[in-house]
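Chain order of the listed sequences is W and U. All residue numbers for the first sequence refer to my numbering, where the first residue is 159 and numbers rise by one. All residue numbers for the second sequence refer to my numbering, where the first residue is 260 and numbers rise by one. For every residue, glycine included, the Cβ atom is placed at its ideal position computed from N, Cα and C. The block underneath contains the structure these notes are about, expressed in structure tokens.
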Amino acid sequence: MNLFRLGGDLAHLVSIFILLQKITANKSAAGISIKTQILYSIVYVTRYIDVFTKWISLYTFVMKLIFIASSFYTVWLMHNTYKSTQNPQIDTFKIRYLIGGSIIMAAIFNHKLTFNELVWSFSIWLESVAILPQLFMLQRTGEAENITVHYIFALGIYRALYIPNWVYRWIFDQYFDYIATVAGIIQTLIYSDFFYVYYQRVMKGKKFELP
Amino acid sequence: DEVEIIHDEL
Chain W
159 MNLFRLGGDL AHLVSIFILL QKITANKSAA GISIKTQILY SIVYVTRYID
209 VFTKWISLYT FVMKLIFIAS SFYTVWLMHN TYKSTQNPQI DTFKIRYLIG
259 GSIIMAAIFN HKLTFNELVW SFSIWLESVA ILPQLFMLQR TGEAENITVH
309 YIFALGIYRA LYIPNWVYRW IFDQYFDYIA TVAGIIQTLI YSDFFYVYYQ
359 RVMKGKKFEL P
Chain U
260 DEVEIIHDEL
């Protein structure tokens, strides 16, 4: 464990907390893409499919359970309790292409042709693009509540911090996973525009509005 | 004897 990775994981936890706090405090899921949330549920279930069968550490065990449970809870809240506050007319990204593309990428780029490795690779590729419906929705709306953009920012920081973590592990641990690294860089690039607008507007105390 | 792949990251 190094500080980049710990920071990334903590940013991930913070993002989940912000999202659930926003939905329950406002009693509204307005501005949040349920499609992105469904994709994250798929990502965590496939990534952590061995959570009960392979022990790494108490830290990873607890975090995995938190990520799986909170993503399902978020989808459940959006689909049931706050269904009427959703924006299906602007949450129109075709996620079948993201899922299909991730299946193809996992079939080509994987560490081993076993079920667990294929679903692991699938989860990595799917995670790299899972934010797209949310960013697409933001673009269609043109502006968003600050709490929503803080959520997206914290989530983006999570994978961005994994990049120096991989550099660190490559230098000091002789560890390198090309699939996680390439997908992680793609994921961070997808956020780059968003990060730029976030910095230009929100950090300077303005409303998040797309130029 | 293949090396088992361990994914220790989240």
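Just so you know, the alpha carbons of W:LEU168 and W:GLY189 end up roughly 24 Å apart. Membership of W:VAL355 in the alpha helix (DSSP H) is indicated by the continuous run 336-359.
Cα atoms of W:THR182 and W:THR232: separation of roughly 10 Å, rounded to the nearest angstrom. With respect to chain U, the C-beta atom of W:THR239 has no partner C-beta closer than 8 Å. One thing to note: W:ARG205 has its Cβ no nearer than 8 Å to the Cβ of W:TRP283. DSSP lists W:PHE366 as the bridge partner or partners of W:ALA302.
For W:ARG163, a Cβ of chain U is located within less than 8 Å of the residue's own Cβ. Taking 8 Å as the threshold, the shortest C-beta distance from W:ASP167 to chain U falls below it.
At least one beta carbon of chain U lies nearer than 8 Å to the beta carbon of W:MET221. W:PRO246 and U:VAL262 have their C-alpha atoms roughly 47 Å apart. Neighbours of W:TRP328 across chain U, judged by C-beta separation under 7 Å, do not exist; the nearest C-beta is about 13 Å away. Secondary structure at W:ILE261: helix, using DSSP grouped into helix, strand and coil. DSSP places W:TRP278 in the uninterrupted alpha helix (DSSP H) bounded by 273-287.
In the three-state DSSP reduction, W:ASN268 falls in the coil class, being neither helix nor strand.
Counting the other CB atoms within 10 Å of its CB gives W:LEU296 a total of 16 or more, which places it among the buried residues. W:TYR349 sits away from W:SER173, with the two beta carbons spaced by 8 Å or more.
DSSP, read as helix, strand or coil, puts W:ASP208 in coil. W:GLU275 reaches chain U at ILE264, counting residues in chain order whose Cβ is nearer than 7 Å. Under the three-state reduction of DSSP output, W:VAL201 falls in the helix class. Here W:LYS180 is buried, its C-beta having at least 16 other C-beta atoms within 10 Å.
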